[in-house]
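*Asks:* So the protein lines, in turn, are chains A and B.
Heads up, the first sequence is in our numbering, so the first residue is 3 and it goes up one at a time.
Heads up, the second sequence is in our numbering, so the first residue is 773 and it goes up one at a time.
Even for Gly, the Cβ is constructed at its ideal location relative to N, Cα and C.
One structure, pasted below without further comment.
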Amino acid sequence: MITKIAWKNIWFKPLNTALSIILLTASVAIITLLILLEEQFEKKFNDNIDGIDLVLGAQGSPLQLILSSVYQVDAPTGNIDYTEAKKWMKHRFVETAIPLAFGDNYKGYRIVGTTPDYLKKYGAEVKNGKVFAKNFEVVVGSEIAQKLGIKVGDKFFGSHGDAEEGEVHDHQSYIVAGITSPTGKVVDNLILCNIQSVWAMHDHGHEEGEEAHDHDHDAAGETHGHDEHGHAAEEGAEHNHKDGHDHDHATEAHDHDHDHAHEDVQISEEGKEITAVLIKFRSKMGIVTWPRLIAQNTKMQAASPAIEINRLFTLFGIGLDALQYLAYGIMLISGISIFIALFNTLKERKYEFALLRVNGASRLQLLSLVLVESLLLCVTGFIFGTIVGRIALSLISGSSETEFKMSFDPLEFVWEKEGYLFLLTIFVGILAAVIPAVKAYGLNISKTLANA
Amino acid sequence: MISTKNIRFSYGKGTDFNFPDIATSRGESLLITGGSGKGKTTFLHLLGGLQRPQQGEIIIEDTNIASLSEKKLDHFRGKNIGLVLQQNYFVASLNVLENVVLASWLATGKQATEKAKELLVRLGLSEHLHKLPSQLSIGQQQRVSIARALINEPKLLLADEPTSSLDDENAFKVADMLDSLAKQYGTALVIVTHDQRLKDRFRNQIALS
């Protein structure tokens, strides 16, 4: 009954109530959003560096190297020589070393050349089909498969580089050998193949270009010859036309030949380049000594994901902290707004309180009436805030999904932190109500009614 | 069923009131008159347990309310004393019916909705059950106050200047209504007023001086 009266009372002054609830909703929404973002962001980042002690890559920004090779969000720093990298990969400190070679993308999703160890590292299993074994066989991440509707056996052409609009390698298609199980990690948004495929795709491109050119000439020459046989005096225009025609033919034929050749022939590793190596050490000594060792002795760098991500979080942290202070500030203001609302109405409501006493209400019941009104506002604000925060997160998730291939789950509850937030909200409610409630408690009914 | 003995009350600073002893039994009415500043409202508040006397006894149905603890007094008041105040106060956010039901809940812990409806209908408010009190006229509001005062069938019904803001016709209507309701519910009725019109209406009278 007290709660019912309190509920009716707060809606009797809808504007005051709306103001208090909006302020509370705003602060709770921001804090909820921050809690969820921080939690999921950190989890995503930390999940992905599990089992990677160091990343070996080209010199440049270590953070860029980590972002590009571990999280697949930034451009790579450059390439490193595979033979040289191999020396370090076979070092006795090293437990596993997974080479990565970037080259192409398909509709914005990176195609990464690596070894099946990469799948194992992220705990991804090939759900349909099998692991890539031959050149140009790929395993597609679960999210890509779902979004683009890719099935085992499908063929597609990659585009060069990171950008979707890159030059299309239309001379050689990839064939889907398998699709991975979802892991919630970067591998869900990658297309994986063996390293030879990446080399072949690019070296091949060049060689073929030249060879095709040669062919072109030959073929042109031949046709030319034929033509000369047939019609002694020919115009240039027609020549050109026929040249073009023959060129196409030649390329196709050539492609075919090469495909066959590739299936058996390994490309020589001599002089070939890769982008990065993910290293897990057997002896943790390596984590400490390698960055220096490698910087001094090679043209490469070794960066620790843990350190770099920590650095990144510290940078982020300033912004997150600022937002958090802002949210707490708004919460303080909402507390003050509830206080003012309760305090102001107390003056006109003192007769109401006196009347309740006349009708047999005890002092404690009046105290609890004021408290319950404040708490109702706070709980309502908290519920709205939690919902609004999650709506905001799903909007952010939508845009980060398209930009960074990173999505957030708005339905996750971080019980501990959100529990604290709830307690804090309740505390604000009690604090705002304490003075008005005590005033209601100590009301002198006789005086109040006599002075009317 | 109320009797008082040697009540003395002081606001300090030399304003002392010594109230005459009164006794009213069930179904009887008593009119207490007196000019301004004679302590009419103070006396009513003492009788209603809103204020405690410095000295003396106020006995309602064998209970001396002057010696009850604060919490017990709140409870006793809710259950046994009905008050109709000079001005009509309501919980502004609750409708007429809810206001009356609230009084029953505060006193007994039960919501006597049917009884409240019955009482309000009887007082001619059947059309206004679900209106907010602020939407009613003063006269209607007073009738809601009376209904609220009677909902718990109190032993004592106190009315503070119930007719002061009414015209002659309505003043007598209200006086009659209070009198007959008191008889019907077996309640002792005490009216405090300076309204000369009522002096001829009630047999038992005490003047404060």
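Which residues mark the beginning and the end of the beta strand (DSSP E) in which residue 777 of chain B is found?
*Replies:* 774 to 782 is the span of the beta strand (DSSP E), which, as asked, contains residue 777 of chain B.
*Asks:* Using a Cβ cut-off of 7 angstroms (strictly closer), state whether residue 919 of chain B contacts chain A.
*Replies:* So, not an interface residue.
*Asks:* Just by C-beta distance, which residues in the stretch 849 to 865 of chain B are closer than 8 angstroms to chain A?
*Replies:* Under the 8 angstroms Cβ criterion, the stretch 849 to 865 of chain B contributes 849, 850, 851, 855, 857, 858, 859, 861, 862, 863, 864 and 865.
*Asks:* So which residues of chain B does residue 362 of chain A contact, with C-beta pairs closer than 7 angstroms?
*Replies:* Near residue 362 of chain A (Cβ distances below 7 angstroms), the residues of chain B are 846, 847, 849, 850, 851, 878 and 879.
*Asks:* Report yes if the CB atom of residue 103 of chain A is closer than 7 angstroms to the CB atom of residue 189 of chain A, and no otherwise.
*Replies:* Not closer than 7 angstroms, so no.
*Asks:* Relative to the alpha-carbon of residue 112 of chain A, which residue among A:159, A:94 and A:307 has its alpha-carbon at the smallest distance?
*Replies:* Ranking the options by Cα distance to residue 112 of chain A, first place goes to A:159.
*Asks:* If you measure beta-carbon to beta-carbon, which residues of the stretch 810 to 824 of chain B are closer than 8 angstroms to chain A?
*Replies:* Answer set for the stretch 810 to 824 of chain B: 813, 814, 817, 820, 822 and 823.
*Asks:* Name the residue from A:425, A:343, A:364 and A:396 whose alpha carbon lies nearest to the alpha carbon of residue 435 of chain A.
*Replies:* The option with the nearest alpha carbon to residue 435 of chain A is A:343.
*Asks:* Taking the continuous beta strand (DSSP E) assigned at residue 185 of chain A, which residues delimit it?
*Replies:* Careful: residue 185 of chain A lies outside any beta strand (DSSP E) and carries neither H nor E.
*Asks:* I think residue 916 of chain B touches residue 897 of chain B, with their Cβ atoms under 8 angstroms apart; what is that distance to the nearest whole Å?
*Replies:* Going by Cβ atoms, the distance from residue 916 of chain B to residue 897 of chain B rounds to 6 angstroms, so yes, they are a contact pair.
*Asks:* Does the CB of residue 982 of chain B have a neighbour CB from chain A at under 7 angstroms?
*Replies:* As displayed, chain B neither begins before 773 nor continues past 981, which places residue 982 of chain B out of reach and without an answer.
*Asks:* For my contact list, residue 114 of chain A and residue 391 of chain A are in at a C-beta cut-off of 8 angstroms; report their separation, rounded to the angstrom.
*Replies:* No, residue 114 of chain A and residue 391 of chain A are not in contact; Cβ-Cβ is about 35 angstroms, not under 8 angstroms.
*Asks:* Run through chain A and tell me which residues come within less than 7 angstroms of residue 875 of chain B, C-beta to C-beta.
*Replies:* Residues of chain A passing the Cβ test: 361.
*Asks:* Counting along the chain, where does the beta strand (DSSP E) carrying residue 304 of chain A start and finish?
*Replies:* Per DSSP, residue 304 of chain A belongs to the beta strand (DSSP E) from 302 to 305.
*Asks:* Of all Cβ atoms in chain B, is any one closer than 7 angstroms to the Cβ of residue 486 of chain A?
*Replies:* What the structure shows of chain A is the stretch from 3 to 454, and residue 486 of chain A is not part of that stretch, so it cannot be assessed.
*Asks:* Rounded to whole angstroms, how far is the Cβ of residue 293 of chain A from the Cβ of residue 54 of chain A, which I believe are closer than 8 angstroms?
*Replies:* The pair is not a contact, with the Cβ atoms about 14 angstroms apart (cut-off 8 angstroms).
*Asks:* Tell me which same chain residues have a C-beta within less than 6 angstroms of the C-beta of residue 271 of chain A, skipping the five on either side of it?
*Replies:* Cβ within range, chain order: 84.
*Asks:* Would you call residue 73 of chain A buried or exposed, if buried means 16 or more other Cβ atoms sit within 10 Å of its Cβ?
*Replies:* Residue 73 of chain A should be labelled buried.
*Asks:* Who does residue 801 of chain B pair with in a DSSP beta bridge?
*Replies:* Answer is B:961.
*Asks:* Taking 7 angstroms as the limit between beta carbons, can you name the residues of its chain near residue 283 of chain A, skipping five residues before and five after?
*Replies:* Result list for residue 283 of chain A: 55, 95, 96, 97 and 289, in chain order.
*Asks:* I need the boundaries of the alpha helix (DSSP H) containing residue 40 of chain A, first residue and last residue.
*Replies:* Taken as a continuous stretch (DSSP letters only), the alpha helix (DSSP H) holding residue 40 of chain A covers 16 to 51.
*Asks:* Can you give the Cα-Cα distance for residue 40 of chain A and residue 439 of chain A, rounded to whole angstroms?
*Replies:* Answer to the nearest angstrom: the Cα atoms are 38 angstroms apart.
*Asks:* By the three-class DSSP mapping on this structure, what secondary structure does residue 975 of chain B have?
*Replies:* Coil at residue 975 of chain B, not helix or strand.
*Asks:* Going along chain B, which residues have a C-beta under 7 angstroms from residue 448 of chain A?
*Replies:* Residues of chain B passing the Cβ test: 817, 822 and 823.
*Asks:* According to DSSP, is residue 441 of chain A part of a helix, a strand, or is it coil?
*Replies:* Helix, per DSSP.
*Asks:* Is the Cβ-Cβ distance between residue 876 of chain B and residue 10 of chain A less than 7 angstroms?
*Replies:* No, these two residues do not count as a Cβ contact at 7 angstroms.
*Asks:* For residue 274 of chain A, tell me which candidate among A:65, A:370, A:81 and A:151 has the shortest Cα-Cα distance.
*Replies:* Of the listed residues, the one whose Cα sits closest to residue 274 of chain A is A:81.
*Asks:* Around the Cβ of residue 320 of chain A, are there at least 16 other Cβ atoms within 10 angstroms (buried) or fewer (exposed)?
*Replies:* Exposed, because fewer than 16 other Cβ atoms sit within 10 Å of the Cβ of residue 320 of chain A.
*Asks:* May I ask you to list the residues that DSSP assigns as paired with residue 162 of chain A?
*Replies:* Paired residue(s): A:106.
*Asks:* Can you list the residues of chain B that residue 14 of chain A reaches, using a CB-CB cut of under 7 angstroms?
*Replies:* Those within 7 angstroms of residue 14 of chain A in chain B are 864 and 865.
*Asks:* Name the chain B residues that come within less than 7 angstroms of residue 394 of chain A, Cβ to Cβ?
*Replies:* Those within 7 angstroms of residue 394 of chain A in chain B number zero; the least Cβ separation is about 33 angstroms.
*Asks:* Looking at the C-beta of residue 10 of chain A, does it have a partner C-beta in chain B at a distance below 7 angstroms?
*Replies:* With 7 angstroms as the cut-off, residue 10 of chain A counts as an interface residue toward chain B.
*Asks:* Use the C-beta contact count for residue 368 of chain A: other C-beta atoms within 10 angstroms, 16 or more gives buried, fewer gives exposed.
*Replies:* Under this definition residue 368 of chain A is a buried residue.
*Asks:* Grab the span of the alpha helix (DSSP H) containing residue 852 of chain B for me, first residue to last.
*Replies:* First-last of the alpha helix (DSSP H) with residue 852 of chain B: 842 to 852.
*Asks:* Could you give the distance in angstroms between the alpha-carbon of residue 257 of chain A and the alpha-carbon of residue 204 of chain A?
*Replies:* Reliability of the predicted coordinates at residue 257 of chain A is poor, the pLDDT of 43 falling under 50, and no value is obtained from them.
*Asks:* Just the C-alpha distance for residue 249 of chain A and residue 169 of chain A, rounded to the nearest angstrom, thanks.
*Replies:* Because residue 249 of chain A sits at a pLDDT of 46, beneath the cut-off of 50, its placement in the model cannot be relied upon, and the following sentence gives the value as read from the coordinates. So the two alpha carbons sit approximately 20 angstroms from each other.
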